[in-house]
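Shown next, in structure tokens, is the structure this report addresses.
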Amino acid sequence: CGGGTGPNAIGGGFPEPPVAYRDADHHVVSAVIKWVEQGVAPEKIIATRFDGSGNLVRSRPLCAYPAQAAYNGSGDINDASNFSCVTPKLQERTITSTDIVLIQNSLRQRDLKLPNR
19 CGGGTGPNAI
29 GGGFPEPPVA
39 YRDADHHVVS
49 AVIKWVEQGV
59 APEKIIATRF
69 DGSGNLVRSR
79 PLCAYPAQAA
89 YNGSGDINDA
99 SNFSCVTPKL
109 QERTITSTDI
119 VLIQNSLRQR
129 DLKLPNR
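So our numbering is basically just the index in the sequence shown, starting at one, shifted up by 18.
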């Protein structure tokens, strides 16, 4: 992907971010290496965008699923430090008898017998 306004450097591809941004907080390959070698899974990776001169233009957190980046409400929207990773709450929903029938049908369909080969 390229040409848009989103991050253009999270590591492991071209272009690589500047050396100062190749740590486990900003570089996806470094984060995976830290996870494998030290057992520390990343809670977030800071995605960055640099201009043609290598100046930082924008940064945002990429949060571990199911968390999502949420703006804290103040500060520069182009600065990852003004965002937090927030896990959205599931909406409460009443399950109807129709829902039960749909679930049962779905489970039955998954139990199809495959032809012998």
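We put the CB at the ideal spot given by N, CA and C, even for glycine.
If you're wondering where the values come from, they're calculated on a predicted model, not measured in any experiment.
{"Check": "Taking all protein chains shown into account, decide if residue 63 is buried (16 or more other Cβ within 10 angstroms of its Cβ) or exposed.", "Outcome": "buried"}
{"Check": "Going by other Cβ atoms of all chains shown within 10 Å of its Cβ, with 16 needed for buried, is residue 125 buried or exposed?", "Outcome": "exposed"}
{"Check": "My understanding is that residue 61 touches residue 82, with C-beta atoms under 8 Å, so please give their C-beta distance in whole angstroms.", "Outcome": "5 Å"}
{"Check": "By the DSSP assignment, the alpha helix (DSSP H) with residue 127 in it spans what residues?", "Outcome": "115-127"}
{"Check": "Can you give the Cα-Cα distance for residue 122 and residue 113, rounded to whole angstroms?", "Outcome": "13 Å"}
{"Check": "Looking at the unbroken alpha helix (DSSP H) that takes in residue 47, where does it start and where does it end?", "Outcome": "46-56"}
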